Amino acid sequence: MAYIPPHKRLSKDSERPSPIPERLVPKFSRRVNLKSSSNANHNSKRILCADARNTISARRYIVGLDADNQFPSYVHLVPTSVESFKLRRFEIPLVLVNSHPATKEIDEEGATISSTPLEPKSSTPWESVAADVWPNLLSEFEILRNMFVSNDKLDEVKPAIFARFGKILFHPNASVSSLGLIKDRVVETTLRQMKTTFYANTPSSYMENIISGVAPKIGFDLEEDKDMFHILLSDGTKPKNYEIYCKCRMKEDKKLELYKVETNPVREMTKNILCIDKNLDLRLALHTKRILTSLTDDEMHIIGNIINSAIIDPEVKGGLRWPYGKACSGDRFAVVEIWHTIAKKYKSRSLSLMARHVDRFNFEDANGQASIEVYLKLKRLVSDLQEEKVETDSIFVMFKDNLKMIWDHFLCCDQYFP
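Its first residue numbered 1, the sequence shown is counted upward by one per residue in our numbering.
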């Protein structure tokens with residue numbers, strides 16, 4: 001089935017591009033004011049696939065300050081043109097723009113070297129980031145190892161460390177706007193007053209460069225092409241932040257085939273790195289998820305009925321729709337969110353690279369979004385950190401090497417914000 005971008009799709013009903021499960025209709029009607037603080041802060045631990053919602057728990061780290069740890073005078077906050085945020089928040093987000101970007105040089109191995117107007121620092125940017133993030137990673141994995149030791153059933157818990165690439169967006173509030181701070185020299189206290197979003201949508205030219213240039217240069221091999229549908233289900237018998245994540249493939253008869261059921265990933269640690277001298281920012285995150293083996297046959301049958309009732313339709317956002325009454329099962333399970341991904345997966349000895357087109361639709365707020373995303377999974381790092389006797393010094397060196405590779409190859413692209 002050919003991928004059809006959302007802007008070329010014909011919706012049968014402009015008011016409701018994809019049918020909303022009846023159980024969620026009352027909830028949506030009570031949440032018309034999408035700008036309310038309660039809506040913006042809802043479920044900070046829940047991982048939404050776009051990584052494009054406000055994450056209250058994310059810590060921010062700034063790389064590229066001048067010798068006095070201040071923002072250079074040539075860095076400014078400017079409005080962006082991200083339509084999905086204007087529709088959802090009724091506001092225009094801001095992004096940091098460097099009017100004197102780093103010049104590019106190429107070393108003997110073909111890696112990009114940034115030459116910046118800043119004073120030299122005692123450590124490189126990736127070393128500074130590694131030193132800041134490393135203690136958090138060690139403490140989180142120590143907690144996980146203790147969980148594994150105390151409970152054998154947790155062998156189904158799967159941790160993963162991701163490096164995602166995009167831009168940190170800032171959402172202004174009344175106090176920031178009224179003081180006129182946006183037009184003045186950027187200071188960190190100004191940024192602290194604003195909520196942030198990590199926007200993982202990148203230009204198509206960036207993904208093409210990663211696939212055709214970066215991946216073969218640094219030793220990635222194409223592992224597989226993936227065409228997947230993902231369905232997130234709520235469970236009426238569980239807490240609200242507990243959701244069931246179903247991975248599905250399309251069969252030859254164009255019906256969905258369910259092949260994996262997991263808990264929705266939990267973000268254990270998130271670090272947003274604001275890279276002043278690059279035109280992309282970095283998010284480092286540790287996720288955990290659990291393969292669900294405790295569901296009864298009856299529960300799996302109900303979930304299977306919901307999956308089997310889905311109709312693959314490239315003309316609606318998310319690529320799926322349901323006949324009326326089939327997207328939920330009484331007060332137990334209901335479809336919350338869907339997304340369709342068309343991806344290329346690459347692998348090396350220690351890393352996994354994903355470059356994908358993603359088309360999403362959220363049933364709770366009737367919001368859809370399409371994006372182009374590139375991210376890395378640090379597989380070897382996770383594997384070594386799970387060992388009982390951890391040689392932290394050697395693993396830390398590997399972590400710094402991973403960050404250097406990211407700095408050299410993954411944080412530069414055509415500027416796509418005005």
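From the three backbone atoms N, C-alpha and C, an ideal C-beta is built for every residue, glycine too.
Keep in mind the model is a prediction, meaning the values are calculated, not measured.
What residue does the alpha helix (DSSP H) around residue 360 start on, and which one ends it?
-> The residue you call residue 360 lines up with position 360 of the sequence shown. Segment 352-362 is the beta strand (DSSP E) holding residue 360; no alpha helix (DSSP H) there.
Proximal residues to residue 404 (C-beta, below 6 Å), its chain only, five neighbours per side dropped = As a working mapping, residue 404 is identified with position 404 in the sequence shown. Result list for residue 404: 126, in chain order.
Which of the three DSSP states, helix, strand or coil, is assigned to residue 99?
-> Along the sequence shown, read from residue 1 onward, the residue named residue 99 stands at position 99. Reduced to three states, the DSSP call for residue 99 is coil.
Which of the three DSSP states, helix, strand or coil, is assigned to residue 238?
-> Your numbering for residue 238 matches position 238 in the sequence shown. Look at residue 238 here: in three-state DSSP terms it is coil, with no helix or strand label.
Under 8 Å, do residue 207 and residue 67 count as touching if we go by C-beta distance?
-> Within the sequence shown, residue 207 is the residue found at index 207, counting from 1. Within the sequence shown, residue 67 is the residue found at index 67, counting from 1. Contact flag unset, no.
Grouping DSSP H, G and I as helix and E and B as strand, with all else coil, what is residue 219?
-> Numbered from 1 along the sequence shown, position 219 holds the residue referred to as residue 219. Here residue 219 sits in coil by DSSP.
Boundaries (first-last residue) of the beta strand (DSSP E) holding residue 250 = Here residue 250 is taken as the residue at index 250 of the sequence shown, counted from 1. Looking at the DSSP string, the run of the beta strand (DSSP E) that includes residue 250 is 243-250.
Evaluate the contact criterion for the stretch 294-306 versus the stretch 184-202: three or more CB pairs, one atom per stretch, below 8 Å.
-> In short, these stretches do not touch, since the Cβ pair count stays below three.
Just mark residue 147 as buried or exposed, buried being the case when its beta carbon has 16 or more other beta carbons within 10 Å.
-> Mapped onto the sequence shown, residue 147 falls at position 147. Exposed.
Could you tell me how far apart the beta carbons of residue 402 and residue 378 are, in whole angstroms, since I believe they sit closer than 8 Å?
-> As a working note, residue 402 is residue 402 in the sequence shown. As a working note, residue 378 is residue 378 in the sequence shown. Yes, residue 402 and residue 378 are in contact; Cβ-Cβ is about 6 Å, under 8 Å.
C-alpha distance - residue 400 paired with residue 328, whole-angstrom precision = The residue labelled residue 400 in the question sits at position 400 within the sequence shown. The residue labelled residue 328 in the question sits at position 328 within the sequence shown. It is roughly 46 Å from the alpha-carbon of residue 400 to the alpha-carbon of residue 328.
Taking the alpha-carbon positions, what's the residue 366 to residue 334 distance?
-> Sequence index remark: in the sequence shown, residue 366 carries index 366 (1-based). Sequence index remark: in the sequence shown, residue 334 carries index 334 (1-based). Rounded to whole angstroms, residue 366 to residue 334 spans 15 Å at the Cα level.
Do residue 200 and residue 406 come within 8 Å of each other at the CB atom, strictly closer than that value?
-> Indexing the sequence shown from 1 puts residue 406 at position 406. Indexing the sequence shown from 1 puts residue 200 at position 200. Between residue 406 and residue 200, the C-beta gap is not smaller than 8 Å, which leaves the two residues out of contact.
Separation of residue 295 from residue 330, as counted between CA atoms | As a working note, residue 330 is residue 330 in the sequence shown. As a working note, residue 295 is residue 295 in the sequence shown. Each residue's Cα considered, the two are about 17 Å apart.
Give every residue of the same chain whose Cβ lies closer than 6 Å to the Cβ of residue 234, excluding the five residues on either side of it in the sequence, and list them in chain order.
-> Counting from 1 along the sequence shown, the entry for residue 234 is found at position 234. Closer than 6 Å at Cβ, skipping near neighbours: 243, 334 and 336.
Where does residue 267 sit, in a helix, a strand or coil, going by DSSP?
-> The residue you call residue 267 lines up with position 267 of the sequence shown. Residue 267 falls in the strand class under three-state DSSP.
DSSP three-state call for residue 72: helix, strand or coil?
-> Here the question's residue 72 lines up with position 72 in the sequence shown. Note: residue 72 maps to coil in three-state DSSP.
Is it right to say residue 135 is buried, meaning 16 or more other beta carbons lie within 10 angstroms of its own, or is it exposed?
-> For the purposes of this step, residue 135 is taken as the residue at position 135 of the sequence shown. It is exposed - the Cβ of residue 135 has fewer than 16 other Cβ atoms within 10 Å.
Since residue 246 and residue 261 are thought to touch, with beta carbons under 8 Å apart, how far apart are those beta carbons, to the nearest angstrom?
-> Position 246 of the sequence shown, counted from the first residue, corresponds to residue 246. Position 261 of the sequence shown, counted from the first residue, corresponds to residue 261. Indeed they touch by this definition, with Cβ atoms about 6 Å apart.
When the distance is taken between beta carbons, is residue 340 closer than 8 Å to residue 368?
-> Start at 1 with the first residue of the sequence shown, and residue 368 comes out as number 368. Start at 1 with the first residue of the sequence shown, and residue 340 comes out as number 340. No, Cβ-Cβ distance for residue 368 and residue 340 is not below 8 Å.
If we count the other Cβ atoms within 10 Å of its Cβ and call it buried at 16 or more, is residue 239 buried or exposed?
-> Counting from 1 along the sequence shown, the entry for residue 239 is found at position 239. When all chains shown are included, residue 239 counts as exposed.
Backbone CA spacing between residue 159 and residue 137 [nearest angstrom] | Translated into the one-based positions of the sequence shown, residue 159 becomes position 159. Translated into the one-based positions of the sequence shown, residue 137 becomes position 137. The straight-line gap from Cα to Cα measures roughly 11 Å.
Helix, strand or coil for residue 414 per DSSP?
-> The residue given as residue 414 occupies position 414 in the sequence shown. Reduced to three states, the DSSP call for residue 414 is coil.
So, is residue 216 buried or exposed, given that buried needs 16 or more other C-beta atoms within 10 angstroms?
-> Start at 1 with the first residue of the sequence shown, and residue 216 comes out as number 216. Exposed, by the Cβ-count rule.
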